[in-house]
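Q:
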Amino acid sequence: MKEKKKIELQKEQKQFVSNYLSSVEENRDKSQDDFEKYINLLASGGVVISLTILEKVTDKNLTINCICIFFLGVLCFIVTLLLNLISHRKSIEVANYILSEISYDDIEKLGSDDFNFKINKKNRVIEILNDISIWTLIGGVILVFIFLGINISNL
Numbered sequence: 002m003k004e005k006k007k008i009e010l011q012k013e014q015k016q017f018v019s020n021y022l023s024s025v026e027e028n029r030d031k032s033q034d035d036f037e038k039y040i041n042l043l044a045s046g047g048v049v050i051s052l053t054i055l056e057k058v059t060d061k062n063l064t065i066n067c068i069c070i071f072f073l074g075v076l077c078f079i080v081t082l083l084l085n086l087i088s089h090r091k092s093i094e095v096a097n098y099i100l101s102e103i104s105y106d107d108i109e110k111l112g113s114d115d116f117n118f119k120i121n122k123k124n125r126v127i128e129i130l131n132d133i134s135i136w137t138l139i140g141g142v143i144l145v146f147i148f149l150g151i152n153i154s155n156l
């Protein structure tokens with residue numbers, strides 16, 4: 002009777018690991034898909050808006066300060082895109098690390114303090130990159146709006 006319970010428990014554990022690994026694989030795949038979509042969306046939108054604004058005010062008398070504000074805003078958008086790119090890459094690396102470390106027969110690692118510490122450390126880097134990315138995006142929007150506010154009469 003005890004042997005039968007043990008076998009059932011092992012089957013449940015294997016099913017849990019299988020479901021977990023499938024979830025990580027799905028997350029990795031979704032992250033890769035979202036990465037391509039959002040990078041293209043942000044990059045193309047930023048380029049179009051920047052070129053449109055620059056086209057409207059290039060023949061006007063712009064001060065060096067205005068030009069610096071504009072290019073700092075564009076630089077913030079570029080930094081946002083690069084950080085987003087790095088963040089998604091790190092996310093994929095974490096998923097690949099989990100998949101390489103956990104096998105279908107090795108459920109003990111999921112509860113390992115060392116394994117969880119490594120995963121949390123890697124995820125913390127991703128969180129920091131995402132936080133900085135959000136702030137640089139906000140900074141870019143603010144700087145472009147300041148530029149527009151200064152030059153609105155020239156448009």
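Residue numbering for the sequence shown follows our numbering, starting at 2 and increasing by one per position. Quick reminder that beta carbons are idealized off the backbone N, C-alpha and C, glycines included. Treat the numbers as computed from the prediction; the structure is a model and nothing was measured.
Which term fits residue 49, buried or exposed, when burial requires 16 or more other beta carbons within 10 angstroms of its beta carbon?
A: By the neighbour-count rule (16 or more Cβ atoms within 10 Å), residue 49 is not buried but exposed.
Q: One question on the structure: do residue 88 and residue 131 come within less than 8 Å of each other, judged by their Cβ atoms?
A: Against a cut-off of 8 Å, the Cβ pair of residue 131 and residue 88 comes out as a contact.
Q: Relative to the alpha-carbon of residue 82, which residue among 27, 46, 30 has its alpha-carbon at the smallest distance?
A: Per the Cα distances, 46.
Q: Just verifying my parser: in three-state terms, what is the DSSP assignment at residue 97?
A: Of the three classes helix, strand and coil, the one that applies to residue 97 here is helix, per DSSP.
Q: Report the rounded CA-to-CA distance for residue 100 versus residue 26, giving the unit in angstroms.
A: In a straight line, the C-alpha of residue 100 is about 8 Å away from that of residue 26.
Q: Can you tell me where the alpha helix (DSSP H) holding residue 137 begins and where it ends?
A: Where residue 137 is concerned, the enclosing alpha helix (DSSP H) stretches over 114-152.
Q: Grab me the residues of residue 140's own chain with a C-beta within less than 6 Å of its C-beta, minus the 5 sequence neighbours each way, in chain order.
A: So the list reads 77, once near-sequence residues are dropped.
Q: On the criterion of 16 or more Cβ atoms from any shown chain inside 10 Å, does residue 97 qualify as buried, or is it exposed?
A: With fewer than 16 Cβ atoms within 10 Å of its Cβ, residue 97 is classed as exposed.
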